[in-house]
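Written out below as structure tokens is the structure these notes cover.
2 protein chains.
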Amino acid sequence: MAVRLDATDRKILVELQRDADQSLDEIARNVGSSKTPVWNRIRKMRDAGVIRQTTVLLDPDALGLEACFFVLIRTSEHEAEWQRRFLEALRARPEVLEAHRLAGDIDYILKVQVANARAYDTFYQALISEVRVHNVTALLSMEVIKSTTSLPLKA
Amino acid sequence: MAVRLDATDRKILVELQRDADQSLDEIARNVGSSKTPVWNRIRKMRDAGVIRQTTVLLDPDALGLEACFFVLIRTSEHEAEWQRRFLEALRARPEVLEAHRLAGDIDYILKVQVANARAYDTFYQALISEVRVHNVTALLSMEVIKSTTSLPLKA
DNA sequence: CACCATTCAGGATATTTTCCTATATTGCAG
DNA sequence: CTGCAATATAGGAAAATATCCTGAATGGTG
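Residue numbers (UniProt numbering), protein chains in the order written: chain A, 1 to 155; chain B, 1 to 155.
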């Protein structure tokens, strides 16, 4: 079900992306409305799937996950069965935070968050032993310049 | 202030990452405790910065942001002033969801979420007109295989 | 075993969510 | 422009929840 979002909806989403812990009254004040319409709009956007999840963002360093790798993968395999097993392997591994199938030269990109280079190597060895890939390049993040889950909304 | 996380803390974090809308009683039930210790532990982890933010994850497609690009950037510039301006430019642009400085051959990687290829080109032109970069490769995501903000926690 | 510090469960109160109702607003046909 | 129907709104009542307090339980230590 597609939902047409108006300016108030978008303001609410901006507030929720900024801080989902706010009370309805606070959000209502920030968007210039009252709690009932805000509540109805949030419920509607939840039901429509515009809002997918409320969650908490953790500090990777505080959890000892100090190494972030972007992994570029080329493969010569393109059969359905191989792909199914590859996707399953990625979905099953919690250190894989993102995985995209790409257009062009490089077939897949992964974002992998692990404790250190050794942990990455363990992950890498396990992955390539499970599914054959042609060429893998790992890019190691030295510094997170920016990291947000807030999608841009035309206010 | 570093916090030592025990098994209960990690269970709480797993629950909060899964669904931060749960009531304290629910979380307490799920981790086998009662609401007071859960509440105290959450507050402590918030204060310590382990929990950085409570937020809402939105569906990019529902907002008309149907194109996700990973952008690989090489530059010959490595002066402090250039870098400062480059970081500022990235932080100021809301379509840049992630930006990392990398080790090795490629200097930076960005994750950019936009409406379509045209919008990406607009972003790209604006960026290179603002700061000089040597070489830019854009990888277009065809399919999101996995996308999570949940960091792996040894339960 | 006794002491201290820490963590716990359960309860009291303040706050918030959830839903209802009556009013206001908007879009639209005549 | 006017009146009607559909929709959105503000405010309030009841239920649920967060927040904080108290006293009991626990675990490590001399």
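Glycine included, every Cβ here is placed at the ideal spot set by N, Cα and C.
Residue burial is scored here from C-beta neighbours: S34(B) has fewer than 16 other C-beta atoms within 10 angstroms and is therefore classed as exposed.
By the rule that beta-carbons nearer than 8 Å mark a contact, H100(B) touches chain A.
Taking all protein chains shown into account, D107(A) has 16 or more neighbouring C-beta atoms within 10 Å of its C-beta and is therefore buried.
When secondary structure is reduced to three states using DSSP, N40(A) falls in the helix class. When DSSP assignments are scanned along the segment 5-29 of chain B, the uninterrupted stretches of alpha helix (DSSP H) that are 4 or more residues long and fall wholly within it turn out to be 7-18. Taken through DSSP and simplified to helix, strand or coil, L63(B) comes out as helix. The C-beta distance from L13(A) to L153(A) rounds to 6 Å, short enough to meet the 8 Å contact threshold. The DSSP-derived three-state label of T122(A) is helix. Listed in chain order, the alpha helix (DSSP H) elements of length 4 or more contained wholly in the segment 65-144 of chain B are 80-92, 117-130. Exposed is the label assigned to D25(A), since fewer than 16 other Cβ atoms lie within 10 Å of its Cβ. Neighbours of I109(A) in chain B, taken as residues at a C-beta separation under 7 Å, are given in chain order as F70, L139. Proximity of E95(B) to chain A, defined by a Cβ-Cβ separation below 8 Å, is satisfied.
Interface criterion met: the Cβ of T54(B) is under 8 Å from a Cβ in chain A. Exclusion of the five residues before and after D9(B) leaves R41 as the residues of its chain whose Cβ lies within less than 6 Å of its Cβ. Using a CB distance cut-off of 8 Å, Q17(A) counts as an interface residue toward chain B. By the neighbour-count definition (other C-beta atoms within 10 Å, threshold 16), S141(A) is a buried residue. A distance below 8 Å separates the beta carbons of T54(B) and D21(A).
Put simply, the CB of D59(A) is near chain B, with a gap under 8 Å to one of its CB atoms. V56(B) carries a strand assignment under DSSP once its states are collapsed to helix, strand and coil. In the three-state reduction of the DSSP assignment, K146(B) falls in the strand class. With respect to chain A, the C-beta atom of T122(B) has no partner C-beta closer than 8 Å.
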